[in-house]
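Student:
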Amino acid sequence: MQPCARHATLQGVESMRTIALAGLVAFLAAVLAGGGGLPARAAPMEMGAQATVAPGVVAKLSAARLATAKYATDLERAKADGYGIITTMIPNMGYHFLNPKVEGFDVTKPPILVYVRRGEAWQLVAIEWVWPKKPATPPLPGARYGSFGAACHYTDGSFVTAASQAQCAKTNPKTGAAFNFWHPPLVTFHIWVWYPNPSGMFAEFNPLLTPFNND
Ligand SMILES: [Cu+2]
2 MQPCARHATL QGVESMRTIA LAGLVAFLAA VLAGGGGLPA RAAPMEMGAQ ATVAPGVVAK
62 LSAARLATAK YATDLERAKA DGYGIITTMI PNMGYHFLNP KVEGFDVTKP PILVYVRRGE
122 AWQLVAIEWV WPKKPATPPL PGARYGSFGA ACHYTDGSFV TAASQAQCAK TNPKTGAAFN
182 FWHPPLVTFH IWVWYPNPSG MFAEFNPLLT PFNND
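Going left to right, the sequence shown walks through residues 2 to 216 as the working numbering numbers them.
Pasting the structure below:
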């Protein structure tokens with residue numbers, strides 16, 4: 002390195018130090034002017050982000066999540082608690098597991114758990130309720146609904162649409178699995194507490210699940 006080049010470099014380092022020091026001084030001046038401490042933490046409403054659900058729903062979502070955390074990556078635990086498979090992978094929705102003993106609406110006790118899988122690993126994505134018709138009063142403010150046509154369900158999660166139970170084969174002609182149950186057309190209600198859904202917390206489908214659609 003030429004002496005003059007070295008000198009220039011040292012000068013550069015020196016001027017950078019000066020700039021950094023000036024910045025630190027300006028920062029401290031701003032902090033001190035602001036009351037002598039670190040900048041105050043913004044109040045929740047000033048944080049910028051807005052919840053996309055009604056304020057009263059926020060606490061319900063946290064309760065739903067806490068109550069189902071034990072199932073988040075533990076399908077065996079869900080099965081042990083009574084959830085059995087009722088669908089294979091529904092694109093952009095998931096595999097459905099139903100606990101037939103769960104009745105009524107309680108965000109902490111969903112009758113249906115919706116999972117995606119990658120190999121042998123299962124991940125809870127949503128919780129779901131179904132009704133023969135749309136509830137007179139929404140289960141939660143801002144609820145949105147989906148639908149599931151009448152169908153025969155088989156013990157391996159396969160299902161075949163059918164207008165009545167009389168039309169259900171005793172075993173699924175394609176998979177050989179035994180008949181499990183038939184249901185009439187249903188109104189569905191999903192809450193995506195375990196996977197972000199850009200379509201909304203209560204959307205029927207979730208576009209972020211496409212990587213799992215063939216699993
Ligand atoms: Cu579903």
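The beta-carbon is built from N, C-alpha and C at its ideal position, and this holds for glycine as well. Quick caveat: nothing in here was measured; it's all calculated off a predicted structure.
Go through its chain and collect everything with a Cβ distance to A55's Cβ below 7 Å, but skip five positions before and after it.
Tutor: P142 and G143
Student: Kindly indicate the opening and closing residues of the alpha helix (DSSP H) around E77.
Tutor: L76 to A81
Student: Does DSSP classify P145 as helix, strand or coil?
Tutor: Residue identity differs from the one stated: residue 145 is Arg in this sequence, not Pro. Correct three-state label for R145: coil.
Student: Leaving out five residues before and five after G158 in sequence, what residues of the same chain have Cβ atoms less than 7 Å from its Cβ?
Tutor: I86, I87, T88, T89 and Y96
Student: Report the rounded CA-to-CA distance for A60 versus A52, giving the unit in angstroms.
Tutor: 12 Å
Student: Measure the alpha-carbon distance for S165 versus L209 and round it to whole angstroms.
Tutor: 34 Å
Student: Is the beta carbon of T74 less than 9 Å from the beta carbon of W123?
Tutor: yes
Student: In whole angstroms, give me the CA-to-CA distance for I91 and F160.
Tutor: 11 Å
Student: When the Cα atoms are used, what is the spatial distance from F213 to V126?
Tutor: Taking C-alpha positions only, F213 is separated from V126 by approximately 11 Å.
Student: Can you say whether E104 is buried or exposed, counting buried as having 16 or more other CB atoms within 10 angstroms of its CB?
Tutor: exposed
Student: For a cutoff of 9 Å on Cβ pairs, would you count N93 as touching chain B?
Tutor: No chain B appears in the structure shown, which is made up of a single protein chain.
Student: Applying the criterion that 16 or more other CB atoms from any shown protein chain within 10 Å of the CB defines a buried residue, is P112 buried or exposed?
Tutor: With 16 or more other Cβ atoms from the protein chains shown falling within 10 Å of its own Cβ, P112 counts as buried.
Student: What residues in its chain sit with their C-beta under 8 Å from that of W130, if we drop five residues either side in the sequence?
Tutor: F106, P111, P112, I113, P140, T189 and F190
Student: Per DSSP, T162 forms a beta bridge with which residues?
Tutor: A152
Student: Could you check whether the Cβ of G49 sits closer than 8 Å to any heavy atom belonging to ligand 1?
Tutor: no
Student: Straight-line CA distance for K135 to G49?
Tutor: 35 Å
Student: Do G143 and ligand 1 come close, with the Cβ less than 8 Å from some heavy atom?
Tutor: no
Student: Is P185 closer than 9 Å to P101 when the C-beta atoms are compared?
Tutor: no
Student: Confirm the yes/no value for this check: CB of E129, any heavy atom of ligand 1, distance under 8 Å.
Tutor: Yes - ligand 1 has a heavy atom lying nearer than 8 Å to the Cβ of E129.
Student: I'd like the list of long-range same chain contacts for C281, defined as Cβ closer than 6 Å, with 5 residues on each side in sequence excluded.
Tutor: Because the chain is modelled from 2 through 216, residue 281 falls outside the range shown and cannot be assessed.
Student: Assuming V117 contacts D216 (C-beta within less than 8 Å), just tell me the rounded distance between them.
Tutor: 7 Å
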